[in-house]
Amino acid sequence: MPAALEVRDLSTHIKLTDSTVQAVGNVDVTIEKGQTVGLVGESGSGKSMLGLSVLGLLPNGGHIVGGSIKTDGNELVGLTEKQLRNVRGNDVAMIFQDSQSSLNPTKKIGEQVAEPVRLHRGLNRAEAMDRAVEVLEMVGMPQPRERLKDYPHQLSGGLRQRVMIAIALTCEPKVLLADEPTTALDVTIQAQILALLDDLRDRLGMATLLVTHDMGVVAGRTSRINVMYAGRIVETAPTDELFTDMRHPYTQALLAAIPRLESDNTKALISIPGLPPDLTKPPQGCRFAARCPLATDRCRTEEPPLTGTDSKHLFACWHPVDGPVKKLATLIAHKTMAAATTEASGNHLLDLRNVVREYPVKAGLLQRQVASVKAVSDVTLHLDAGETFGLVGESGCGKTSLGKLIVGVEKPDSGSIKLDGNEVFTLRGKDLRIARRDLQMMFQDPYGSLDPRMRVSGILKEPLQIQGIGSAKEQDAKVRAILDEVGLPINALERYPHEFSGGQRQRIALARAVVLEPKVIVADEPVSALDVSIRSQVLNLMKRLQAEHNMASVVISHDLAVVKYLADRIGVMYLGKLVEIGTGEDIYRRAAHPYTDALIKTIPVPDPAAEKAKTEVGIKGELPSPLNPPSGCRFRTRCPLAQAICAELEPPLRRFSPTHQAACHFPLQEPEPAGADGTAGAATAAV
Amino acid sequence: MTEFVLPEDSAKIAEMQLGGGRAPAPPEGGELRAIQSGWKLSYREFVSNRLAVVGVGILVVFILFSFAGPHIYQTNQSLANPVLAYNSPSGAHLLGTNAQGFDEIGQLMRGGQSSLEIGGLAALMAIVVGTLFGAISGLAGGAVDWFMMRIVDVGLSIPYLLAVLVLATVLHSSVFELSLVLAAFSWLVPARLVRGEVLTLRERDFVWASRVMGASRIRLVFKHLIPNAISVTIVNVTFLIADTVLALATLAFLGFGLPYPLTSWGDQMANALQFQSEGYWWLLYPPGVCLVLVVLATNLVGDGLRDALDVRLRRR
Chain A
2 MPAALEVRDL STHIKLTDST VQAVGNVDVT IEKGQTVGLV GESGSGKSML
52 GLSVLGLLPN GGHIVGGSIK TDGNELVGLT EKQLRNVRGN DVAMIFQDSQ
102 SSLNPTKKIG EQVAEPVRLH RGLNRAEAMD RAVEVLEMVG MPQPRERLKD
152 YPHQLSGGLR QRVMIAIALT CEPKVLLADE PTTALDVTIQ AQILALLDDL
202 RDRLGMATLL VTHDMGVVAG RTSRINVMYA GRIVETAPTD ELFTDMRHPY
252 TQALLAAIPR LESDNTKALI SIPGLPPDLT KPPQGCRFAA RCPLATDRCR
302 TEEPPLTGTD SKHLFACWHP VDGPVKKLAT LIAHKTMAAA TTEASGNHLL
352 DLRNVVREYP VKAGLLQRQV ASVKAVSDVT LHLDAGETFG LVGESGCGKT
402 SLGKLIVGVE KPDSGSIKLD GNEVFTLRGK DLRIARRDLQ MMFQDPYGSL
452 DPRMRVSGIL KEPLQIQGIG SAKEQDAKVR AILDEVGLPI NALERYPHEF
502 SGGQRQRIAL ARAVVLEPKV IVADEPVSAL DVSIRSQVLN LMKRLQAEHN
552 MASVVISHDL AVVKYLADRI GVMYLGKLVE IGTGEDIYRR AAHPYTDALI
602 KTIPVPDPAA EKAKTEVGIK GELPSPLNPP SGCRFRTRCP LAQAICAELE
652 PPLRRFSPTH QAACHFPLQE PEPAGADGTA GAATAAV
Chain B
3 MTEFVLPEDS AKIAEMQLGG GRAPAPPEGG ELRAIQSGWK LSYREFVSNR
53 LAVVGVGILV VFILFSFAGP HIYQTNQSLA NPVLAYNSPS GAHLLGTNAQ
103 GFDEIGQLMR GGQSSLEIGG LAALMAIVVG TLFGAISGLA GGAVDWFMMR
153 IVDVGLSIPY LLAVLVLATV LHSSVFELSL VLAAFSWLVP ARLVRGEVLT
203 LRERDFVWAS RVMGASRIRL VFKHLIPNAI SVTIVNVTFL IADTVLALAT
253 LAFLGFGLPY PLTSWGDQMA NALQFQSEGY WWLLYPPGVC LVLVVLATNL
303 VGDGLRDALD VRLRRR
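This is the structure:
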């Protein structure tokens with residue numbers, strides 16, 4: 002029986018004005034019916050181009066230069082546009098990453114889901130609508146018949162992604178290409194969507210190609226994984242074997258580069274130095290050679306073929322490694338963390354008390370305030386010198402707002418924020434400017450955080466100029482020193498931001514934040530926009546710089562593993578509230594709040610055994626609107642343990658250990674008896 | 003409280019972990035790739051647009067014709083000579099002469115000078131005022147923004163031609179004054195466009211980053227907002243020149259142009275219209291053709307610039 006999808010020796014090139022990108026080179030992929038195969042690679046590795054080649058939807062200038070693509074034994078390469086249209090959405094369907102831009106905002110979702118069957122099966126309107134209801138129900142859309150008339154903007158991100166999947170499934174395709182189907186979603190929603198894809202594959206017997214950059218996503222859901230690097234497949238193996246017995250150094254480094262919840266945060270992450278090669282001028286020999294620590298002269302001249310001892314596990318390397326990295330170098334040795342129990346009266350570097358920030362929502366002719374977005378509600382926390390505090394939560398939980406409050410670019414509606422005992426947000430003019438030296442911020446998007454019209458030297462000097470520190474010559478020397486510290490060559494000074502890769506830009510952004518030698522740095526999602534191999538470079542660098550300059554920092558991220566790797570203490574936010582605070586171990590080993598617990602359980606782990614052992618889907622439902630947060634405990638609408646009291650009474654923060662507090666009526670751990678160390682209220686004040 | 007042991011170079015760590023090798027490690031942050039600068043890319047895109055290049059060519063020809071021309075093709079343009087009035091094109095006067103006996107080509111050159119000067123000057127004034135006004139309004143936000151934008155709305159609701167006509171009668175028409183009158187009404191649209199651009203720019207992270215550093219509003223406007231809104235401005239200024247040249251011609255045609263002996267293409271056409279029935283075509287068509295060509299060329303250049311700068315921004 003022919004395989005559902007069989008790609009043989011496929012090469013795809015994209016012609017630019019005066020060069021050609023060799024996006025995909027000699028790639029083989031086979032997927033049997035009912036099987037999910039993972040395709041893992043960083044951005045620019047050609048994994049999306051492979052998917053688009055199958056559908057014949059290559060961008061301008063893109064064309065297949067060789068090889069064959071067969072679905073069920075039928076050749077797709079060389080078909081006319083008209084024949085291809087018959088295949089698309091019918092035999093082969095695709096789910097795109099961004100449901101926001103992939104759905105037509107002016108059409109009702111019912112019509113969009115019905116469109117493929119009307120085109121391919123010629124059903125009439127009523128029949129197509131019935132089919133749409135059927136498929137929407139299958140993908141877990143609540144009350145599908147009522148939702149048919151909704152527009153995409155009326156749905157949440159998770160539901161939109163379900164609609165996308167429904168569109169792909171209406172014609173019962175034989176092959177489903179899922180290109181980063183969950184990358185734009187929160188972890189809790191990601192788990193729901195991945196479980197759905199699994200379930201659908203089992204029920205419908207489709208062949209699924211799961212394209213992603215995240216090893217954790219493919220670990221539990223695929224039977225085989227292909228690792229792609231710079232347009233080539235460098236290793237392909239059954240999933241379990243790839244994780245336990247990988248042979249290619251790239252696969253090995255890629256896995257070791259991901260911070261894990263259980264990993265020891267005093268150890269350095271493996272980082273792959275440098276950047277992927279430019280595919281308009283691919284290197285002779287092995288494409289990974291320039292970044293590979295094992296590379297020899299042979300690697301640089303002769304390209305290794307994709308071979309192996311058995312036909313199931315193939316790899317392209319002259320000097321294969323033998324399983325995962327065993328020895329990890331120590332990056333920073335924490336001698337003691339004993340002093341974490343500072344006295345309640347102790348002077349903290351940064352002290353936030355009962356901070357509230359609400360954004361008014363205005364409407365009507367007179368712009369009257371009709372509601373407010375409760376971004377940050379009654380948050381109390383502190384930060385000591387040299388300490389790293391991690392802030393985790395789903396998007397929309399108020400973590401970025403809290404970050405902006407800390408650096409003083411937003412002002413709280415009530416509460417106090419003190420740096421070294423001085424209220425920051427009441428300062429004005431010159432005092433405020435000088436206070437800002439101690440509070441710097443690093444942003445998420447490396448493309449948006451650097452002014453595209455300024456050279457790097459100008460960008461790095463700007464903080465010094467604004468603060469009037471040093472003469473022009475001293476500023477110049479300082480900028481050169483800092484550039485060296487973040488691992489960029491001196492000739493970078495004369496370049497503009499668009500000439501740098503994402504990771505390099507994030508280095509520049511970090512340099513800019515550090516150049517004033519602040520006491521506190523707030524890093525808002527510092528690595529979430531970066532590729533895995535680059536991510537670990539930046540994480541290691543952040544950790545090193547922080548230690549060298551003895552800065553305190555607040556790291557904001559949706560990724561608990563990243564936060565745990567960087568932070569000494571972690572705060573978990575949900576819908577504007579801080580629901581749990583504790584050390585990394587407190588949070589990971591002894592989570593007291595059901596939300597924290599569920600969050601830990603939903604994070605995809607790059608370990609097939611652990612992933613397959615997961616049975617529950619974690620948190621059901623979606624984040625409620627911050628305009629109208631639930632009464633009492635804000636998590637109660639999604640909490641498996643919720644009872645009547647949760648809706649009536651807001652749980653106070655309770656102590657579980659001197660470092661560990663959580664706000665829950667039914668915690669998963671036994672709290673310290675109230676009164677043993679002061680009342681619950683006093684404990685809150687001590688945070 | 004916490005003691006740190008400083009780490010080794012992380013490239014070395016990676017090398018050690020992966021078993022060591024002979025190859026020298028690349029710089030930690032990776033090599034820099036030689037990418038063409040944004041302006042070079044824009045230039046390439048602009049040059050690949052044939053019509054825009056033709057537009058630039060036409061504009062250069064007209065600028066040379068108007069400003070360098072009189073030095074090469076010298077004619078009497080100061081002493082009226084009724085004997086030579088209304089001569090049709092001949093070897094001595096390639097495009098004939100006008101009512102005062104001035105050579106028509108020489109007249110076209112002088113008309114071109116004032117048309118281009120007024121067009122350029124008015125567009126420049128309008129764009130400077132409009133950009134500043136828009137940037138400040140957009141950054142300030144709130145009540146200030148509301149008030150400033152209502153000024154623009156009021157300005158835009160006044161019939162342009164009527165207001166300019168009234169102003170032109172009050173003022174003594176000179177090149178500078180006419181430019182001022184025209185600019186007074188053309189800064190409104192750029193102000194709106196720049197404000198819109200600034201509204202999106204000011205929420206960008208790099209503007210936030212500057213705020214975190216303690217940058218003043220003035221610094222934000224001049225260092226970040228205006229340089230980033232400049233592509234909107236550049237494109238707009240070309241269209242403004244075209245609009246102003248046309249508006250000037252309209253004014254002149256209605257009799258509110260430059261006073262004799264100053265002249266513009268519009269003035270020349272207005273004068274020529276009186277003699278249309280007498281068949282003096284050489285007085286009417288040449289300034290008309292000049293006007294059409296310059297306006298067309300400026301628009302072509304504007305279109306080309308817009309596409310070229312857009313490409314640069316898309317690549318960001």
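So the sequence lines, in the order shown, correspond to chains A and B.
Numbers given in our numbering equal positions in the first sequence, counted from 1, plus 1.
Numbers given in our numbering equal positions in the second sequence, counted from 1, plus 2.
Don't be surprised by glycine CBs; every beta carbon is placed ideally from N, CA and C.
Please read all numbers here as calculations on a predicted model, not as lab measurements.
- Nearest CB-CB separation between A/L433 and chain B: below the 8 angstroms threshold.
- Judged by their CB atoms, A/D180 and A/I70 are not nearer to each other than the 8 angstroms cut-off.
- Ranked by how close their Cα comes to the Cα of A/I190, the residues A/E128, A/R122, A/F501 and A/V218 have A/V218 in first place.
- The criterion of a C-beta distance shorter than 8 angstroms is satisfied by A/L262 and A/L561.
- The closest CA to that of A/S264, considering only A/G459, A/A568, A/A593 and A/T37, is found on A/A568.
- Taking a C-beta cut-off of 8 angstroms against chain A, the contacting residues of the segment 224-236 of chain B are K225, H226, P229, N230 and I232, listed in chain order.
- Nearest Cα to B/S233 within the set B/P289, B/Q76 and B/E199: B/E199.
- Rounded to the nearest whole angstrom, the CA to CA distance from B/S175 to B/E47 is 41 angstroms.
- Judged by pairs of C-beta atoms under 8 angstroms, the segment 203-213 of chain A touches the segment 33-46 of chain A, as three or more such pairs exist.
- Neighbours of B/G136 in chain A, taken as residues whose beta carbon is under 8 angstroms from its own, are absent, since the nearest beta carbon is some 17 angstroms off.
- Bounds of any alpha helix (DSSP H) do not take in A/I604, whose DSSP letter is neither H nor E.
- A straight line joining the alpha-carbon of A/K613 with that of A/V516 spans about 46 angstroms.
- In the DSSP assignment, the residues bridged to A/F316 are A/E236 and A/T308.
- If you check the CB distance, A/H594 and A/C647 do not come in under 8 angstroms.
- By the 16-neighbour rule on beta-carbons within 10 angstroms, B/S188 is buried.
- In terms of beta-carbon proximity, B/R219 stays away from the interface with chain A, with every pair separated by 8 angstroms or more.
- Counted as a single uninterrupted DSSP element, the beta strand (DSSP E) harbouring A/A208 occupies residues A208 to T213.
- For A/D432, the uninterrupted alpha helix (DSSP H) segment begins and ends at G430 to A436.
- One thing to note: A/I418 has its Cβ no nearer than 8 angstroms to the Cβ of A/V357.
- A/F444 has a beta carbon lying within less than 8 angstroms of a beta carbon in chain B.
- Excluding sequence positions up to five before and after A/E623, its CB lies within less than 6 angstroms of the CB of S157 and G159, all in the same chain and listed in chain order.
- Distances from the CA of A/D587 to each of A/L201, A/L579 and A/G572 were compared; the closest alpha carbon is that of A/G572.
- The C-alpha of A/L511 lies about 12 angstroms from the C-alpha of A/D485.
- Interface annotation for the segment 579-612 of chain A against chain B: empty, criterion Cβ-Cβ distance under 8 angstroms.
- Using beta-carbon distances, B/S279 does not count as an interface residue toward chain A, since no partner is under 8 angstroms.
- Beta-bridge partners assigned by DSSP to A/A372: A/V362.
- One finds R206, D207, F208, W210 and A211 in chain B with Cβ atoms closer than 9 angstroms to the Cβ of A/S450, taken in chain order.
- At a cut-off of 8 angstroms between beta carbons, B/M151 makes no contact with chain A.
- Secondary structure note for A/F390: it is in no alpha helix (DSSP H), and the uninterrupted beta strand (DSSP E) holding it is T389 to V393.
- When the five nearest sequence neighbours on each side are left out, the beta carbons in the same chain lying within less than 7 angstroms of the beta carbon of A/A493 are those of V457 and L484, in order along the chain.
- Flagged as an interface residue toward chain A: B/V214, by a C-beta distance shorter than 8 angstroms.
- When secondary structure is reduced to three states using DSSP, A/M95 falls in the strand class.
- Nearest C-alpha to B/F67 among B/V303, B/P289, B/R206 and B/V214: B/P289.
- For B/A254, same chain residues with a beta-carbon under 6 angstroms away, outside a window of 5 residues either side, are S266, G268, D269 and A272 in chain order.
- Residue range G71 to I74 is occupied by the alpha helix (DSSP H) that includes B/I74.
- Under the DSSP definition of a beta bridge, A/I15 partners with A/V22 and A/G63.
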